Amino acid sequence: MSFLRFLGSKTFLYQILILLLVVVVAVYGFLKWADYYTMHGYELNVPDLKGYSLFEAESELQRLELKSVVLDSSEYYPDKPILSVISQYPAPGAKVKPGKEIKLTVNPSGPRLVKVPNLVERSRRRAIYDLESKGFRLGRISYVPYIGRDMVVAAQHNGRELSSNDYLPKGSVIDLVVGLGLDNELIEVPYLLGKNFATVKNILLSRGLNLGFIAFDYGTDTAKAFVYRQEPMPSLDKTIMRGSEISIWLTTDNTKMPVDSLTYFSNLVTEDED
1 MSFLRFLGSK TFLYQILILL LVVVVAVYGF LKWADYYTMH GYELNVPDLK GYSLFEAESE
61 LQRLELKSVV LDSSEYYPDK PILSVISQYP APGAKVKPGK EIKLTVNPSG PRLVKVPNLV
121 ERSRRRAIYD LESKGFRLGR ISYVPYIGRD MVVAAQHNGR ELSSNDYLPK GSVIDLVVGL
181 GLDNELIEVP YLLGKNFATV KNILLSRGLN LGFIAFDYGT DTAKAFVYRQ EPMPSLDKTI
241 MRGSEISIWL TTDNTKMPVD SLTYFSNLVT EDED
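Residue numbers (my numbering): 1 to 274.
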């Protein structure tokens, strides 16, 4: 009975009220602290840092109470300053809380070194595929007397012969020395007139020929340009050897397309009929 009387006493009620007051104050204090800790309702606009140096970008983020995480780009951009910001995440203008990490992708201090693939004794086509798949660029193809026709005899960079133990910056130009086979067979000069630049490169590559002098009309759009002159001119007779150079002149002016190109096709039709 005494316990039941205690539950109904003023002392018990005062204790309950004090406990409830403590709970309310604690919850209110926690919510205020949580708002402060999470900056509830307070957000920042992410600045556009593209093109900034790494030092400038980090200083700007620090000023805005943001953090930075630096990532190296897998590609080297020679036209951009080293250690400059190429991209960022979150994107410029995004809303973030203070203290948010901003990931910065920067241009590395130089091209990544890549191991030169073993190209010797590979077919010309396979060697070109191997070097381009590694991020290298094909340079000149020269031909020498060698028993293996269209087999790579040597690979060179700036005149120096390469081995599979060499490393070069990604994007380096590699020249190939390829075998002629047992004969010195001549080939026809391909017809390049009216063709665009990309098509010309593919035609010459497929026939083992090299680009020589390249001239563009002033202000010519490369993507829309076509060949209006070539040296030597196209021929149905076999007059040049593999590895020879073909020079081209490009324009977007349709009036420059030579009329005598019709003679070539006329002769071609005549030969086919024979």
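Even for Gly, the Cβ is constructed at its ideal location relative to N, Cα and C.
All values derive from a computational prediction rather than experimental measurement.
- Your pair Val106 and Val70 checks out as a contact, with CB atoms roughly 6 angstroms apart and the cut at 8 angstroms.
- At least 9 angstroms separates the beta-carbon of Glu65 from that of Tyr52.
- Between Lys195 and Val227, the C-beta gap is smaller than 9 angstroms, which places the two residues in contact.
- Annotation: Ala94 is outside any alpha helix (DSSP H) and is labelled neither H nor E by DSSP.
- A distance below 7 angstroms between beta-carbons, with the five flanking residues on each side excluded, links Asp72 to the following residues of its chain, in chain order: Val106 and Pro108.
- The alpha-carbon separation between Lys67 and Leu83 amounts to approximately 18 angstroms.
- In terms of Cβ geometry, Pro111 and Lys170 form a close pair [threshold 9 angstroms].
- Counting only the Cα atoms, Pro98 lies some 43 angstroms from Ser133.
- Along the region 202-256, the beta strand (DSSP E) occurs as fully enclosed runs of 3 or more residues at 210-216, 226-231, 235-241 and 245-251, listed in sequence order.
- Sequence-distant partners of Lys224 (beyond 5 residues in either direction) whose C-beta falls short of 6 angstroms from its own C-beta, in its chain, are Thr252.
- The C-alpha of Asn165 lies about 14 angstroms from the C-alpha of Leu131.
- When DSSP states are grouped into helix, strand and coil, Ile16 belongs to the helix group.
- Asp175 has its alpha-carbon roughly 8 angstroms from the corresponding atom of Asn158.
- Val120 sits away from Tyr146, with the two beta carbons spaced by 9 angstroms or more.
- Contact between Tyr167 and Leu113 holds, since their C-beta atoms are separated by about 4 angstroms, short of 8 angstroms.
- For the pair Leu180 and Met233, the CB atoms are not nearer than the 9 angstroms cut-off.
- Taking a C-beta distance under 9 angstroms as the contact criterion, Phe136 and Val173 qualify as a contact pair.
- The beta carbons of Leu211 and Ile187 sit no closer together than 9 angstroms.
- For Ile16 and Val23, the gap between their C-alpha atoms comes out near 11 angstroms.
- Rounded to whole angstroms, Thr239 and Pro190 show a C-alpha spacing of 11 angstroms.
- In the DSSP annotation of this structure, the continuous segment of the alpha helix (DSSP H) that includes Ile128 starts and ends at Arg124 to Ser133.
- Across the set Ser74, Pro47, Gly139 and Asn45, the C-alpha of Gly139 shows the shortest separation from the C-alpha of Glu245.
- Of the residues Asp150, Ala57 and Glu58, the one whose Cα lies closest to the Cα of Arg122 is Asp150.
- For Tyr143, the secondary structure class from DSSP, reduced to helix, strand or coil, is strand.
- Cβ atoms of Leu193 and Pro258 come within 8 angstroms of each other, at about 7 angstroms.
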